[in-house]
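Heads up: the sequence shown runs through residues -20 to -1, 1 to 169, numbered per mature numbering (1 follows the signal peptide of the UniProt record, and there is no 0). C-beta: ideal position from N, C-alpha, C; glycine also. Predicted model, so just to flag it, every value in this text is computed and none were measured.
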Amino acid sequence: MKRLLIVLFAGLVLAGCASSGVDPLAPKTANSVNLKRYQGTWYELARLPMYFQRNCAQSEAHYTLKPDGNVAVLNRCLTPDWQWEEAKGTAYPQVPGKTDKLWVEFDNWFSRLIPGVAKGEYWVLYVSDDYKTAIVGDPSRKYLWLLSRTPTVNGVVREELLSKARQQGYDTTRLIWRASDTKMAKTSN
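The structure is reproduced here in structure tokens:
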């Protein structure tokens, strides 16, 4: 019995050593994100379908660096009937000192009821050198956002973002694109 316990323990130790905790199939992140430069307004150019954004025609995120190093999040969504919906939360590093993999926890009744349960993974997969475009996703590749400091980008930038997302294994054929201001104006008449 003692020998069996030693063998089982040794197996567990070896298994723990063999696993680095990093999923080799997970998307690659930006490695380092300067949160001071990342703060500000980002416009969603496109996203993969997400339940919480099912009524969003245009979305934007406002990030503000807090004194504790975390990031205050304000997500805004303009619905087709010109109503703004908002969600506030906080983003913080999944691993202290690493700024490309964040947890985002929104302040809502559910997160107040069961703290820590209603948090999502926010992985910065790419941010341009000038911090004008970014790609954010999650490790399961279920969620993806193409972001820009402006509501629109030219075709070259758009294709570059799509290419980078596809290289990471995201299905860009399912993207929902931001409704244009012209389209929004037509739907309100």
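Separation of W62 and K112 (C-alpha to C-alpha, rounded to the nearest whole angstrom) is 26 Å. DSSP places V104 within a strand segment (E or B) once states are collapsed to three.
Counting of Cβ neighbours within 10 angstroms places Q33 among the buried residues, the total reaching 16 or more.
Looking at the backbone, the Cα of W103 and that of N35 are separated by about 24 Å. Spatial neighbours of C57 in its own chain (CB-CB distance under 6 Å, excluding positions within 5 residues in sequence) are listed in chain order as C36, S39 and E65. Annotated three-state conformation of A67 is strand, per DSSP. Burial is judged here by how many other beta carbons sit within 10 angstroms of a residue's own beta carbon; D80 has at least 16 and is buried.
8 Å or more divides the Cβ of K99 from the Cβ of D87. Under the criterion of beta carbons closer than 8 Å, L124 and Y106 do not qualify as touching, at roughly 11 Å. Scanning D48, A71 and S12 for the CA closest to the CA of K78 turns up S12.
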